[in-house]
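>
Numbering (my numbering), first residue to last: 528 to 688.
This is the structure we're talking about:
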């Protein structure tokens, strides 16, 4: 949480902000997608939409968000800061207001995750990423960078996977 409180961006972090001259943000080589139902508590989505750009190596993660798409869907991308490789992306459904616009301050639901299944992109040698490890990355990065406690039992369940 110190990361976000000390180094929070003042404007929305975009994919372009994270690309460097010789190191553009990469695409997944072997994307694998799975449904996932998890809840982000009220006030979480504005932090994720703003994103996070690692300033020093110890920050480890870049986070940027695209959207909203039709229906109030945002896609939150989690990348390792030193390789700019995507690790996982989460599709987040925001509750719409009466005009159909997403209500950012309300709770929101993670409805799907996509992760990198290509072992050449794993930052732990020969580790095969799975849905469970992808969920763990989302939970851990949300907590560590943003101080967001992801609830995986929608309806007020326990934090975690």
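We put the beta carbon where it would ideally sit given N, CA and C, even for glycine.
1. Which runs of the beta strand (DSSP E) spanning at least 3 residues fall entirely within the region 595–646, listed in chain order?
2. Which value, in whole angstroms, describes the spacing of the CA atoms of residue 538 and residue 645?
3. Within the continuous beta strand (DSSP E) that includes residue 566, where are the two ends?
4. Determine the direct distance from the alpha carbon of residue 585 to that of residue 596, and round the result to whole angstroms.
5. Is the separation between the beta-carbon of residue 572 and that of residue 621 shorter than 8 Å?
6. Could you give the DSSP three-state label for residue 673: helix, strand or coil?
7. With distance defined between alpha-carbon atoms, name the residue in 628, 676 and 613 nearest to residue 601.
8. I'd like to confirm the pairing. Which residues does DSSP put opposite residue 664 in its beta bridges?
9. Classify residue 551 as buried or exposed, calling it buried when 16 or more other Cβ atoms lie within 10 Å of its own Cβ.
10. Go ahead and label residue 554 buried or exposed: buried means 16 or more other beta carbons lie within 10 angstroms of its beta carbon, across all protein chains shown.
11. For residue 611 and residue 564, what's the separation of their Cα atoms in angstroms?
With the structure as the only source:
1. 600–607, 613–621 and 635–643
2. 32 Å
3. 558–567
4. 32 Å
5. yes
6. helix
7. 628
8. In DSSP, residue 664 forms no bridge with anything.
9. exposed
10. exposed
11. 27 Å
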